[in-house]
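Here's the structure, in structure tokens; my notes come after.
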Amino acid sequence: MSVPASPSSPVRHFAINADDLERARRFYGDVFGWRFHAWGPPGFFMIETGSTAETAAIFGSLQGRRTLVPGERMTGFECTISVPDIHAAQQAIEAAGGTILMPVATIPTVGHLLWFRDPEGNVAGAMQPDARPLPDEV
């Protein structure tokens, strides 16, 4: 089973993994003017990127560096792709040669998330967002 590529599956979220959260906040704030708001677990910040009508809104976060697969620390930006059906996406990922790294997990008020590795070795997330809107203040 496959999920056709379409504009209904945009990048929904990006995350920056950092060893030193304060240093990363200063860097991205000074360079791009981004603002950070504590949200959720300790050491997790939502990023206000200044999206406007001309630039598509995307959710971003800054978080402590983590390990998804034993012995493999996340580096670079990680992206999460919005999908209408997380279980159909999982089947499509596997059918197309991808590997599920983390099975579907539910994040209350956010959505259903899984992590996968594509056939080229890239790691990304797929999320079926919660139908309820996120709070205005993060």
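Going by full-length UniProt numbering, 50 is the number at position 50 of the sequence shown; the sequence numbering is gapless.
A virtual CB, placed ideally from N, CA and C, is assigned to each residue, including glycine.
Values in this document were obtained by computation on a predicted structure and should not be read as measured data.
- Item | Length-filtered (4 minimum) alpha helix (DSSP H) runs lying within the UniProt domain "VOC" (10 to 129) | 21 to 32, 86 to 95
- Message: Quick check: what's the CA-CA separation for Asp75 versus Met102?
- Response: Per the sequence shown, the amino acid found at residue 75 is Thr instead of Asp. Going by the C-alpha atoms only, they are around 17 angstroms apart.
- Message: Distance check for Ile100 and residue 201, CA to CA, integer angstroms please.
- Response: Because the chain here runs from 1 to 138, residue 201 falls outside it and cannot be looked at.
- Query: What is the C-beta distance between Thr67 and Leu113, in whole angstroms, given that I count them as a contact (C-beta under 8 angstroms)?
  - Reply: Between Leu113 and Thr67 the Cβ distance is about 16 angstroms, and since that is not below 8 angstroms, they are no contact.
- Query: At least one CB of chain B closer than 8 angstroms to the CB of Gly40: is that the case?
  - Reply: Looking for chain B here will not work: only one protein chain is present.
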